[in-house]
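*Asks:* Numbering (the working numbering), first residue to last: 1 to 337.
No residue lacks a Cβ here, since even glycine has one placed at the ideal position from N, Cα and C.
None of the values given here were measured: they were computed from a predicted structure.
One structure coming up, written as structure tokens, with questions to follow.
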Amino acid sequence: MARVLLIPGDGIGPEVIPAAARVLGSLGLDLQFEEAPAGFACFQACGEALPSETLERARRADAVLFGACASPSGEVAGYSSPILDLRRKLNLYANLRPVKSLPGPVSRPGIDFLIVRENSEGLYSGRERREGETAIAERVITRGASSRIARVACQQAMLRASGRATPPSLTVVHKANVLRVSDGLFRQCVLEVAREYPGLLVRELLVDTAALRILQAPQTFDVLVTTNLFGDILSDEASGLIGGLGVAPSANLGEGTPLFEPVHGAGLDIAGKGIADPVGAMLSGAMLLEHLGESSSARRLRSAVEATLEAGICTPDLGGTAGTEEFTSAVCGSLVG
1 MARVLLIPGD GIGPEVIPAA ARVLGSLGLD LQFEEAPAGF ACFQACGEAL PSETLERARR
61 ADAVLFGACA SPSGEVAGYS SPILDLRRKL NLYANLRPVK SLPGPVSRPG IDFLIVRENS
121 EGLYSGRERR EGETAIAERV ITRGASSRIA RVACQQAMLR ASGRATPPSL TVVHKANVLR
181 VSDGLFRQCV LEVAREYPGL LVRELLVDTA ALRILQAPQT FDVLVTTNLF GDILSDEASG
241 LIGGLGVAPS ANLGEGTPLF EPVHGAGLDI AGKGIADPVG AMLSGAMLLE HLGESSSARR
301 LRSAVEATLE AGICTPDLGG TAGTEEFTSA VCGSLVG
């Protein structure tokens with residue numbers, strides 16, 4: 001039995017996470033679901049965005065499925081993002097964001113690549129300060145973190161190429177021509193690690209060029225590896241090729257309990273209307289199953305989502321009229337039919 005902790009969070013999270021849990025439950029696997037609170041609403045209610053009990057339950061679980069958090073743009077005393085805290089406290093240093101075509105007119109065909117994003121440092125290291133009228137953010141790049149994310153990316157490239165006619169390919173994305181010290185170190189570390197993988201084709205792109213190429217020729221990519229902020233931006237951009245943030249899944253891997261989450265935010269403008277797109281949460285659930293060793297069930301789940309979209313059943317963000325419940329019922333019907 002695998003224990004899966006559900007953390008719905010804020011906004012549309014409490015709508016899409018139960019939908020994903022429902023389709024996971026339809027697969028007939030030995031999964032035990034638990035639920036725990038976190039998020040800005042939790043902070044407002046009890047003074048903690050990530051209660052200690054939620055963190056401990058996450059540590060004891062086999063996997064976590066997280067919804068969304070509505071972090072305020074301005075500083076709120078005592079508040080910190082629960083998803084960032086979970087990644088940090090569970091030491092989930094690798095963020096995997098697959099970009100794969102889906103059925104329907106809003107997705108471009110022939111796309112299947114993976115962005116591997118360093119998840120623990122860079123400009124998201126939390127080292128910001130004010131000096132009078134000047135705000136300073138420190139960009140932290142270390143050899144240890146750069147080398148370990150490079151190894152994850154190389155392993156993913158080799159894994160994706162297994163049984164495939166074309167060789168594995170890795171694109172290192174950086175801005176070392178300007179950020180010579182920080183991105184220079186990242187680039188150096190990735191290239192050093194990549195040499196340990198015979199047959200791996202390696203190329204480099206500056207981040208601005210990579211952003212352009214993702215739009216112009218996404219079919220040419222296999223695996224990209226980059227730093228925290230660049231990976232965040234590029235992966236969100238890439239989701240626009242396949243239908244937007246509502247359909248984009250992700251995994252956070254490292255030393256602690258793996259955490260899976262749709263890429264979209266809290267969607268406060270549509271929360272409670274029953275029209276939230278659960279595809280990203282469901283496909284995150286498929287990634288969760290793969291990590292638990294249930295690859296065949298993961299393929300079944302993805303196939304059921306694709307069959308539902310192929311049938312023209314989709315939520316308004318994809319141009320359809322279905323609500324969250326209707327879409328979820330259709331996917332479950334495809335799984336058990």
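Does the Cβ-Cβ distance between Ala298 and Glu290 come in under 8 Å?
*Replies:* yes
*Asks:* Since Glu121 and Val140 should fall inside the 8 Å C-beta cutoff, what is the C-beta to C-beta distance between them, to a whole number of angstroms?
*Replies:* Indeed, because the Cβ distance is near 4 Å, the residues count as touching under 8 Å.
*Asks:* Take every Cβ of the region 252-259, pair it with every Cβ of the region 82-90, and state whether three or more of those distances are shorter than 8 Å.
*Replies:* yes
*Asks:* Check for me: the alpha helix (DSSP H) holding Ile17 runs from which residue to which?
*Replies:* Unbroken alpha helix (DSSP H) run through Ile17: 13-25.
*Asks:* If we count Cβ pairs, one from each stretch, closer than 8 Å, do we get three or more for the region 9-17 versus the region 259-275?
*Replies:* yes
*Asks:* So Cys332 and Ser26 are in contact, right, with Cβ under 8 Å, and what is the actual spacing, rounded?
*Replies:* 5 Å
*Asks:* Return the CA-CA distance between Asp222 and Ala68, expressed in angstroms with no decimal places.
*Replies:* 28 Å
*Asks:* Pick out the complete beta strand (DSSP E) segments inside the region 179-216, 3 residues or longer, and give them in chain order.
*Replies:* 201-206
*Asks:* What runs of the alpha helix (DSSP H), each 4 residues or longer, lie entirely inside the region 249-323?
*Replies:* 279-291, 295-310
*Asks:* Answer with buried or exposed for Met287, where buried requires no fewer than 16 other C-beta atoms within 10 angstroms of its C-beta.
*Replies:* buried
*Asks:* Give the straight-line distance between the Cα atoms of Ala94 and Ala150, rounded to the nearest whole angstrom.
*Replies:* Spanning the two alpha carbons is a distance of roughly 10 Å.
*Asks:* Just checking, does the region 214-233 make contact with the region 110-120 on the three C-beta pairs under 8 Å criterion?
*Replies:* yes
*Asks:* Could you tell me the alpha carbon to alpha carbon distance between Asp85 and Leu55, rounded to whole angstroms?
*Replies:* Those two C-alpha atoms are separated by around 9 Å.
*Asks:* Looking at Thr324 and Ala276, is the spacing between their C-beta atoms short of 8 Å?
*Replies:* yes
*Asks:* Determine the direct distance from the alpha carbon of Pro198 to that of Gly166, and round the result to whole angstroms.
*Replies:* Reading the sequence as shown, one finds Thr at residue 166 and not Gly. Looking at the two C-alpha atoms, the distance is approximately 14 Å.
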